[in-house]
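Chemist:
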Amino acid sequence: MKEKDENSPFASCMSSRDIVRHLNVCNSTICCLKNCVRLLWMDVSHKMSARAGYHSESKAKEYKHVCKRACQRAVDQLKAGALAVEAVAAALVELEDSPFTNAGMGSNLNLSGEIECDASIMDGKSLHFGAVGAISGIKNPVLVANRLLSEAQKGKLSAGRIPPCFLVGRGAHDWAVSHGIPPCPSEKMATKFSLSAYKRNKRKMELAEKMDTGQNQTKKRRQSSENENGSGCLDTVGAVVVDLEGNVAAAVSSGGLAMKHPGRVGQAAHYGCGCWAENACNMNPYSTAVSTSGCGEHLIRTMLARECSAAMQSEDAHQALLEAMQNKFISSPFLTSEDRVLGGVIVLRCCRCVEAQPSQNIQGILVEFLWSHTTESMCVGYMSAQDSKAKTHISRLPPGTVPGQSLAIEGGVCRLMGVVE
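FYI, the numbering for the sequence shown is 1 to 421, going by the UniProt record's numbering.
Okay, here's the thing in structure tokens:
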């Protein structure tokens, strides 16, 4: 596929405030992101080897292939009659299974050399939410999050107990196994790449600690860890789905920061931070689904997923997302101490549209799909049920802009059509 993705209805690049709108007839849509970033925190002179969003063509192709497979898997689910929330979970399983993503298999290792994953999922129809944090020994954390969501929909437990929606650590693992989700040995979760990165990071941290003692030791250790994140994989994976009925769902999964402290939980598990999905109602004319990626601490402190969803109730989706990313993220009062604010979002916004020939029992849903990021690049994939294959695009900041201080917005419009029986 050409880098321009000229056959894509969504991927016409925009650096201005004008969004390219392209109408396409389809009957369901799945959109995935893989925020392909290798964040450089300390030394900008390393941009050739660790530039945020700068990848070799071979890696770019693999990132696109991963997104394509995830889209196809979700569309297959939708065609088989699955609900939006089931389709979005299927997409995340495909993303977690790839060794090229920092989610599920091959995730970053923490300070103790273990993999701890975060994931969450939200159903726009029921507004139920499920999440796991710092979970180990489970191949697909999103399946545990989805099971928490579905179990909560069944109502209260025995003796009137409230079912959990968010579990962490060993408790999350044991709950998953007791509900039929098989465990996965830790040695099978790590890949050659993740193990090699861990050994390299550990050596450099130990060297940095030997260079200083006392009060500066903590600072040196933090700086070394941040510098290693420049060569480590920090990307979060996520997906958003809308079906023909207009139901939306969103999910997100991440292995977290390289060399993170054991027990650290990132935005992928936090309510309103990693993902958000909400069907239209009397108060909200639009259905929205959002999934975020980037630096977890930045996304947690700004609750970016929910902020973007709320902004999408404005008439102009593109302008609303632009203002949300600028005012609620880059210039957020909660992040004034940060030199660079790193993150990205994919957003679906849907509403019923009036058809020219209502006598034919044709119903339509107008879907706007947008993505925005302050990282130097983000890979997105999207597909409708009528497409023979998914389309992908690597979005990049305009040349000369500074990651973490600038943003890019792209997107387009799709019309979902179907016969009302």
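We treat Cβ as the ideally placed atom computed from N, Cα and C, and that holds for glycine. Predicted model only: the values in this text are computed from it and were never measured.
Whole alpha helix (DSSP H) runs in the segment 109-160 with 4 or more residues, listed along the chain?
Modeler: 141-152
Chemist: Around the C-beta of residue 391, are 16 or more other C-beta atoms found within 10 angstroms, so that it is buried, or is it exposed?
Modeler: Counted from its first residue, the sequence shown places residue 391 at position 391. The residue is buried, with at least 16 neighbouring Cβ atoms inside 10 Å.
Chemist: In the DSSP assignment, the alpha helix (DSSP H) including residue 92 goes from what residue to what residue?
Modeler: Residue 92 sits at position 92 when you count from the first residue of the sequence shown. Segment 84-97, the alpha helix (DSSP H) holding residue 92.
Chemist: What does a CB cutoff of less than 7 Å around residue 45 pick up in its chain, not counting 5 residues either side in sequence?
Modeler: If you number the sequence shown from 1, residue 45 lands on position 45. The predicted position of residue 45 is uncertain, since its pLDDT is 20 and thus under 50; a value taken from the coordinates is nonetheless stated next. Within the same chain, residue 45 has no close Cβ partners at all.
Chemist: Restricting to Cα atoms, I'd like to know which of 265, 182, 96 is closest to residue 273.
Modeler: Along the sequence shown, one-based indexing puts residue 273 at 273. If we check each option's Cα against that of residue 273, 265 comes out closest.
Chemist: Can you tell me the Cβ-Cβ gap for residue 294 and residue 344, rounded? I've got them flagged as a contact below 8 Å.
Modeler: Walking along the sequence shown from the start, residue 294 turns up at place 294. Walking along the sequence shown from the start, residue 344 turns up at place 344. That pair is a contact at about 5 Å.
Chemist: Return the Cβ separation of residue 304 and residue 329 in integer angstroms, given the expectation that the two are a contact with Cβ distance under 8 Å.
Modeler: Taking the first residue of the sequence shown as 1, we reach residue 304 at position 304. Taking the first residue of the sequence shown as 1, we reach residue 329 at position 329. 6 Å between Cβ atoms; contact.
Chemist: Whose C-beta lies closer than 7 Å to the C-beta of residue 372 among residues of the same chain, with five residues either side of it excluded?
Modeler: Along the sequence shown, read from residue 1 onward, the residue named residue 372 stands at position 372. So the list reads 321, 325, 344, 345, 407, 408, 409, once near-sequence residues are dropped.
Chemist: Using CA atoms only, rank isn't needed, just tell me which of 388, 311, 140, 203 is closest to residue 323.
Modeler: Residue numbering aside, residue 323 sits at position 323 when the sequence shown is read from its first letter. Per the C-alpha coordinates, the member of 388, 311, 140, 203 positioned closest to residue 323 is 311.
Chemist: DSSP state of residue 383, grouped into three classes?
Modeler: Numbered from 1 along the sequence shown, position 383 holds the residue referred to as residue 383. The answer is strand: DSSP assigns residue 383 an E or B state.
Chemist: For my contact list, residue 127 and residue 148 are in at a C-beta cut-off of 8 Å; report their separation, rounded to the angstrom.
Modeler: Start at 1 with the first residue of the sequence shown, and residue 127 comes out as number 127. Start at 1 with the first residue of the sequence shown, and residue 148 comes out as number 148. Incorrect: roughly 14 Å between the Cβ atoms, too far for contact.
Chemist: Just verifying my parser: in three-state terms, what is the DSSP assignment at residue 166?
Modeler: Sequence index remark: in the sequence shown, residue 166 carries index 166 (1-based). Residue 166 falls in the strand class under three-state DSSP.
Chemist: Hey, would you say residue 31 sits closer than 7 Å to residue 240, going by beta carbons?
Modeler: Along the sequence shown, read from residue 1 onward, the residue named residue 31 stands at position 31. Along the sequence shown, read from residue 1 onward, the residue named residue 240 stands at position 240. Less than 7 Å separates the beta-carbon of residue 31 from that of residue 240.
Chemist: Which residues does DSSP list as the beta-bridge partners of residue 391?
Modeler: The count along the sequence shown starts at 1 and reaches residue 391 at position 391. Partner(s): 382.
Chemist: Mind checking residue 350: buried by the 16 CB within 10 Å criterion, or exposed?
Modeler: Taking the first residue of the sequence shown as position 1, residue 350 is located at position 350. Buried, by the Cβ-count rule.
Chemist: Considering only the beta carbon of each residue, do residue 163 and residue 157 sit closer than 7 Å?
Modeler: Position 163 of the sequence shown, counted from the first residue, corresponds to residue 163. Position 157 of the sequence shown, counted from the first residue, corresponds to residue 157. Contact flag set, yes.
Chemist: Can you say whether residue 336 is buried or exposed, counting buried as having 16 or more other CB atoms within 10 angstroms of its CB?
Modeler: The sequence position of residue 336 within the sequence shown is 336, counting from 1. By the 10 Å Cβ count, residue 336 comes out exposed.
Chemist: Is residue 77 buried or exposed, if buried means 16 or more other CB atoms sit within 10 Å of its CB?
Modeler: If you number the sequence shown from 1, residue 77 lands on position 77. By the neighbour-count rule (16 or more Cβ atoms within 10 Å), residue 77 is buried.
Chemist: Cα-Cα, which of 307, 298, 94, 246 is closest to residue 285?
Modeler: Translated into the one-based positions of the sequence shown, residue 285 becomes position 285. Minimum Cα distance to residue 285 is reached at 246.
Chemist: Using a beta-carbon distance below 7 Å, is residue 271 in contact with chain D?
Modeler: Of the protein chains in this structure there is only one, and it is not chain D.
Chemist: Using the C-alpha atoms, what's the distance from residue 176 back to residue 187?
Modeler: Against the sequence shown, residue 187 aligns to sequence position 187. Against the sequence shown, residue 176 aligns to sequence position 176. Distance between the alpha carbons of residue 187 and residue 176 is about 19 Å.
Chemist: Would residue 130 and residue 140 be called neighbours here (beta carbons separated by less than 7 Å)?
Modeler: Within the sequence shown, residue 130 is the residue found at index 130, counting from 1. Within the sequence shown, residue 140 is the residue found at index 140, counting from 1. Taking the C-beta atoms as reference points, residue 140 is found no nearer than 7 Å to residue 130.
Chemist: Since residue 413 contacts residue 367 with CB under 8 Å, what's their CB separation in whole angstroms?
Modeler: Indexing the sequence shown from 1 puts residue 413 at position 413. Indexing the sequence shown from 1 puts residue 367 at position 367. The pair is a contact, with the Cβ atoms about 7 Å apart (cut-off 8 Å).
Chemist: Work out the CA separation of residue 348 and residue 173 for me, nearest whole Å.
Modeler: Counting from 1 along the sequence shown, the entry for residue 173 is found at position 173. Counting from 1 along the sequence shown, the entry for residue 348 is found at position 348. Computed Cα separation, rounded: 32 Å.
Chemist: With burial defined as no fewer than 16 other Cβ atoms inside 10 Å of the residue's Cβ, what is the status of residue 283: buried or exposed?
Modeler: Residue numbering aside, residue 283 sits at position 283 when the sequence shown is read from its first letter. Exposure of residue 283 is indicated by the presence of fewer than 16 other C-beta atoms within 10 angstroms of its C-beta.
Chemist: I need the boundaries of the alpha helix (DSSP H) containing residue 336, first residue and last residue.
Modeler: Position 336 of the sequence shown, counted from the first residue, corresponds to residue 336. Here residue 336 belongs to no alpha helix (DSSP H), and DSSP marks it neither H nor E.
Chemist: How many angstroms separate the CA atom of residue 65 from the CA atom of residue 178?
Modeler: As a working note, residue 65 is residue 65 in the sequence shown. As a working note, residue 178 is residue 178 in the sequence shown. When rounded, the distance between both Cα atoms is 34 Å.
Chemist: Taking the C-alpha atoms as reference points, what is the distance between residue 111 and residue 364?
Modeler: Sequence index remark: in the sequence shown, residue 111 carries index 111 (1-based). Sequence index remark: in the sequence shown, residue 364 carries index 364 (1-based). Cα to Cα, residue 111 sits roughly 51 Å from residue 364.
Chemist: When the Cα of residue 72 is compared with those of 93, 142, 276, 331, which residue comes out closest?
Modeler: Taking the sequence shown and counting its residues from 1, one reaches residue 72 at position 72. Cα-wise, what sits closest to residue 72 is 93.
Chemist: Going by the beta-carbon positions, is the gap between residue 237 and residue 101 smaller than 7 Å?
Modeler: As a working note, residue 237 is residue 237 in the sequence shown. As a working note, residue 101 is residue 101 in the sequence shown. In contact: residue 237 and residue 101 (Cβ atoms closer than 7 Å).
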